[in-house]
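Undergrad: My questions all concern the structure below.
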Amino acid sequence: MTEPLIDLRSDTVTRPSAEMREAMALAEVGDDVYGEDPTVRTLEARVAELLGKEAAVFVPSGTMANQLAIGAQAGPGDEVIGEAGSHVFAFEGGALSALWGAQARTLEGERGLLRPEQVEAAIRPTGNDHLPLSRLLSLENTHNRGGGTVWPIERFQAVAGAARKAGLAVHLDGARLWNASVASGVPLSRYASEADTVSVCLSKGLGAPAGSLVAASAALCSKVRRLRKRLGGGMRQAGVLAAAGLYALDHHLVRLHLDHENARLLADALEKVPGLRVDPVETNLVFVDLPAGTDGAGVLSRLREKGVLAGSDGASRLRLVTHLDVDRDRCMAAAAALAACL
Numbered sequence: 010m011t012e013p014l015i016d017l018r019s020d021t022v023t024r025p026s027a028e029m030r031e032a033m034a035l036a037e038v039g040d041d042v043y044g045e046d047p048t049v050r051t052l053e054a055r056v057a058e059l060l061g062k063e064a065a066v067f068v069p070s071g072t073m074a075n076q077l078a079i080g081a082q083a084g085p086g087d088e089v090i091g092e093a094g095s096h097v098f099a100f101e102g103g104a105l106s107a108l109w110g111a112q113a114r115t116l117e118g119e120r121g122l123l124r125p126e127q128v129e130a131a132i133r134p135t136g137n138d139h140l141p142l143s144r145l146l147s148l149e150n151t152h153n154r155g156g157g158t159v160w161p162i163e164r165f166q167a168v169a170g171a172a173r174k175a176g177l178a179v180h181l182d183g184a185r186l187w188n189a190s191v192a193s194g195v196p197l198s199r200y201a202s203e204a205d206t207v208s209v210c211l212s213k214g215l216g217a218p219a220g221s222l223v224a225a226s227a228a229l230c231s232k233v234r235r236l237r238k239r240l241g242g243g244m245r246q247a248g249v250l251a252a253a254g255l256y257a258l259d260h261h262l263v264r265l266h267l268d269h270e271n272a273r274l275l276a277d278a279l280e281k282v283p284g285l286r287v288d289p290v291e292t293n294l295v296f297v298d299l300p301a302g303t304d305g306a307g308v309l310s311r312l313r314e315k316g317v318l319a320g321s322d323g324a325s326r327l328r329l330v331t332h333l334d335v336d337r338d339r340c341m342a343a344a345a346a347l348a349a350c351l
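Throughout the sequence shown, residue numbering follows the working numbering, covering 10 to 351 in sequence.
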């Protein structure tokens, strides 16, 4: 087997550049649990400003960011409404119930996107002690399993507004909100203004080695910070990680459009392969359905032998994700390799 050279499993596989590593090495640090790490404080202030929120809290991972935001707003006996394939329901180890005692009310979306009337119909009537309390609406932008789908701002406002009108809080899982903003031209703060809490990730398209943030009001961030400590998410000299995030915001955010262009290039090449069905591409995620009866695991194995790593979303559905470590030539090589593996 050749050494894998083209890794399209996720945008989480990016590695820090030499310049990012230098920024990390030179970072000024302190004890962040005591609130004394100046680089963390700078990052939190920067992200809060970008999202138009009062404050932000730096945490180790995107899953922790989502769960801290949910835990600050929902608890035992509460219900969290959201799209069935969203990350908070599908890929966070049942944390909603395990950590907070809340339950999920999942709705089927259109490529991950909900409609206002769906949310309105899902909200429980008040005054009935038999029913859980509808407490929170969670939305994901971009939507991973929907295909990297970007919420049109008008639809996002309408869906979030339906929840707020009924007294629910709104959480935005914005792990790839950077991509949504770049693709749509909608400012980060405009999406964020529709939500009480927003999570954003630094270790996907932005290329940092780790770290996410929760942005919200100062009061909610105080709750998030306390829950972070309870779950073991308080880090000490975390400025070395925060410095990577600051470098990414300064140097990698502006190049995200290249990942989107490469994803479309990859999709265009795969659409020419007989038998493949490629979902519409909006950002940096490419979903491909293999021909009926194809052994998906076998395709992945043969791809690996050709030096290409791909992800799957089911037995015969592949997910290919472009990122800063994969250029146009590698995308074309990956497409050729996949065609040869069928």
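Note that CB positions come from ideal geometry on N, CA and C, so glycine has one too.
Note that the structure is a prediction, hence the values are computed from the model and not measured.
To test your reading of the DSSP string, which unbroken beta strand (DSSP E) runs of 3 or more residues are found completely within the region 275-308?
TA: Counting only runs of 3 or more, we get 294-298.
Undergrad: Looking at the secondary structure, which residues open and close the alpha helix (DSSP H) in which G248 lies?
TA: Within the sequence shown, residue 248 is the residue found at index 239, counting from 1. G248 -> alpha helix (DSSP H) spans G248 to H260.
Undergrad: Kindly indicate the opening and closing residues of the alpha helix (DSSP H) around E117.
TA: Here the question's residue 117 lines up with position 108 in the sequence shown. Note, E117: premise wrong, no alpha helix (DSSP H); not H, not E.
Undergrad: Assuming V195 contacts L146 under a Cβ cut-off of 8 Å, what Cβ separation, rounded to an integer in Å, is found between them?
TA: For the purposes of this step, residue 195 is taken as the residue at position 186 of the sequence shown. For the purposes of this step, residue 146 is taken as the residue at position 137 of the sequence shown. So it is not a contact: roughly 19 Å between Cβ atoms.
Undergrad: Quick one: what's got a C-beta closer than 7 Å to L52's C-beta in the same chain, skipping five residues either side?
TA: Start at 1 with the first residue of the sequence shown, and residue 52 comes out as number 43. Closer than 7 Å at Cβ, skipping near neighbours: F67, A251, G254 and L255.
Undergrad: Is it true that the region 276-285 meets the region 237-244, where meeting means three or more beta-carbon pairs spaced less than 8 Å apart?
TA: As far as the Cβ criterion goes, the region 276-285 does not touch the region 237-244, which means the pair count is below three.
Undergrad: Could you say which of G155, P218, E88 and A175 lies nearest to V22 if we only look at CA atoms?
TA: Here residue 22 refers to the residue found at position 13 of the sequence shown. When only C-alpha atoms are compared, the closest one is P218.
Undergrad: State yes or no: is the C-beta of H152 within less than 8 Å of the C-beta of G121?
TA: Your numbering for residue 152 matches position 143 in the sequence shown. Your numbering for residue 121 matches position 112 in the sequence shown. In contact: H152 and G121 (Cβ atoms closer than 8 Å).
Undergrad: What residues in its chain sit with their C-beta under 8 Å from that of M10, if we drop five residues either side in the sequence?
TA: In the sequence shown, counting from the first residue as 1, residue 10 sits at position 1. Low confidence applies here, because M10 scores a pLDDT of 46, under 50, leaving its location unreliable and the question unanswered by this model.
Undergrad: On a CA-only basis, which of L60, E88, R235 and V128 is nearest G183? Give me that one, please.
TA: Reading the sequence shown from its first residue, position 174 is the one you call residue 183. Per the Cα distances, L60.
Undergrad: Taking L123 as the reference, give the member of A171, R133 and V209 with the closest Cα.
TA: Translated into positions along the sequence shown, residue 123 becomes position 114. Of A171, R133 and V209, the residue nearest in Cα terms is A171.
Undergrad: For D304, collect the residues of the same chain with a Cβ closer than 7 Å to its Cβ; drop the 5 residues on either side in sequence, then sort them by chain order.
TA: Position 295 of the sequence shown, counted from the start, is the residue given in the question as residue 304. Correct list: empty, nothing qualifies.
Undergrad: If I'm right that W187 touches L215 with Cβ under 8 Å, what's the distance once you round it to whole angstroms?
TA: The residue you call residue 187 lines up with position 178 of the sequence shown. The residue you call residue 215 lines up with position 206 of the sequence shown. At roughly 6 Å, the Cβ-Cβ gap stays under 8 Å, so W187 and L215 are in contact.
Undergrad: What's the C-alpha gap between E88 and Q112?
TA: In the sequence shown, residue 88 corresponds to position 79, counting from 1. In the sequence shown, residue 112 corresponds to position 103, counting from 1. Using only the alpha carbons, I get a separation of about 5 Å.
Undergrad: To the nearest whole angstrom, what separates the beta carbons of L274 and V297, a pair I think is in contact under 8 Å?
TA: Indexing the sequence shown from 1 puts residue 274 at position 265. Indexing the sequence shown from 1 puts residue 297 at position 288. Going by Cβ atoms, the distance from L274 to V297 rounds to 14 Å, so no, they are not a contact pair.
Undergrad: With distances taken between CB atoms, is the gap from S169 to A57 smaller than 8 Å?
TA: Stepping through the sequence shown from its first residue, residue 169 is reached at position 160. Stepping through the sequence shown from its first residue, residue 57 is reached at position 48. Checking the sequence shown, residue 169 turns out to be Ala, not Ser. The answer is no: Cβ separation not under 8 Å.
Undergrad: Can you give me the Cβ contacts of P85 inside the same chain, cut-off strictly under 8 Å, excluding the 5 residues immediately before and after it?
TA: Locating residue 85 in the sequence shown gives position 76, counting from the first residue. These residues qualify, in order along the chain: W109, G110 and A111.
Undergrad: Can you tell me whether DSSP reads R133 as helix, strand or coil?
TA: As a position in the sequence shown, residue 133 is number 124, starting the count at 1. Of the three classes helix, strand and coil, the one that applies to R133 here is coil, per DSSP.
Undergrad: At which residue ranges does the region 149-185 contain complete alpha helix (DSSP H) runs of 4 or more residues, listed in the order of the chain?
TA: Segments of the alpha helix (DSSP H) lying fully in the region 149-185: 162-174.
Undergrad: Between the C-alpha atoms of G71 and S226, what's the straight-line distance to the nearest angstrom?
TA: As a first step, residue 71 is located in the sequence shown; it is residue number 62 there, counting from the start. As a first step, residue 226 is located in the sequence shown; it is residue number 217 there, counting from the start. Cα to Cα, G71 sits roughly 19 Å from S226.
Undergrad: From the DSSP output, read off the bridge partner residues of L123.
TA: Counted from its first residue, the sequence shown places residue 123 at position 114. Answer by DSSP bridge pairing: none, since L123 is not bridged.
Undergrad: Which residue's Cα is closest to the Cα of R235: M341, V159 and V42?
TA: Stepping through the sequence shown from its first residue, residue 235 is reached at position 226. Ranking the options by Cα distance to R235, first place goes to V42.
Undergrad: Enumerated in chain order, which unbroken segments of the alpha helix (DSSP H) with a length of 4 residues or greater are wholly contained in the region 14-46?
TA: Entirely contained in the region 14-46, the alpha helix (DSSP H) runs reaching 4 residues are, in chain order, 27-34.
Undergrad: Could you give the distance in angstroms between the alpha-carbon of V335 and the alpha-carbon of G80?
TA: Here residue 335 corresponds to residue number 326 of the sequence shown, with the count starting at 1. Here residue 80 corresponds to residue number 71 of the sequence shown, with the count starting at 1. Straight-line Cα distance between these residues: approximately 36 Å.
Undergrad: In chain order, what residues of the same chain have a beta carbon less than 6 Å from the beta carbon of Q82, not counting five sequence neighbours either side?
TA: Residue numbering aside, residue 82 sits at position 73 when the sequence shown is read from its first letter. If we look at Q82 and ignore the five residues flanking it on each side, its Cβ neighbours are L145 and A178.
Undergrad: May I have the straight-line CA-CA distance separating P300 from A272, to the nearest angstrom?
TA: Position 291 of the sequence shown holds residue 300. Position 263 of the sequence shown holds residue 272. Spanning the two alpha carbons is a distance of roughly 21 Å.
Undergrad: For A257, tell me which candidate among L333, G302 and L351 has the shortest Cα-Cα distance.
TA: Residue numbering aside, residue 257 sits at position 248 when the sequence shown is read from its first letter. If we check each option's Cα against that of A257, L333 comes out closest.
Undergrad: For S39 and A175, I'd like the C-alpha separation in whole angstroms.
TA: Stepping through the sequence shown from its first residue, residue 39 is reached at position 30. Stepping through the sequence shown from its first residue, residue 175 is reached at position 166. According to the sequence shown, residue 39 is Gly rather than Ser. Distance between the alpha carbons of G39 and A175: 43 Å.
Undergrad: Decide if L35 is buried, meaning its Cβ has at least 16 other Cβ atoms within 10 Å, or exposed.
TA: Start at 1 with the first residue of the sequence shown, and residue 35 comes out as number 26. It is exposed - the Cβ of L35 has fewer than 16 other Cβ atoms within 10 Å.
Undergrad: Looking at A99: is its Cβ nearer than 8 Å to the Cβ of L116?
TA: Here the question's residue 99 lines up with position 90 in the sequence shown. Here the question's residue 116 lines up with position 107 in the sequence shown. No, the pair does not count as a contact, with Cβ atoms beyond the cut-off.
Undergrad: How should K232 be labelled, buried or exposed, when 16 other C-beta atoms within 10 angstroms of its C-beta is the threshold for buried?
TA: By 1-based counting over the sequence shown, the position of residue 232 is 223. Classification of K232: buried, given that the 10 Å Cβ count is 16 or more.
Undergrad: Taking G102 as the reference, give the member of N75, A192 and L294 with the closest Cα.
TA: Locating residue 102 in the sequence shown gives position 93, where the first residue counts as 1. The shortest C-alpha separation from G102 is found at N75.
Undergrad: Is the Cβ-Cβ distance between E31 and T48 less than 8 Å?
TA: Position 22 of the sequence shown, counted from the start, is the residue given in the question as residue 31. Position 39 of the sequence shown, counted from the start, is the residue given in the question as residue 48. Against a cut-off of 8 Å, the Cβ pair of T48 and E31 comes out as no contact.
Undergrad: Mapping DSSP to helix, strand and coil, what is R326?
TA: For this step, residue 326 is matched to residue 317 along the sequence shown. If DSSP states are grouped into helix, strand and coil, R326 belongs with the strands.
Undergrad: If distances are taken between C-alpha atoms only, which option among A349, L211, A167 and A201 comes closest to H260?
TA: The residue labelled residue 260 in the question sits at position 251 within the sequence shown. Of the listed residues, the one whose Cα sits closest to H260 is L211.
Undergrad: Which value, in whole angstroms, describes the spacing of the CA atoms of G316 and K213?
TA: Position 307 of the sequence shown, counted from the first residue, corresponds to residue 316. Position 204 of the sequence shown, counted from the first residue, corresponds to residue 213. Near 22 Å, if we compare the C-alpha coordinates of K213 and G316.
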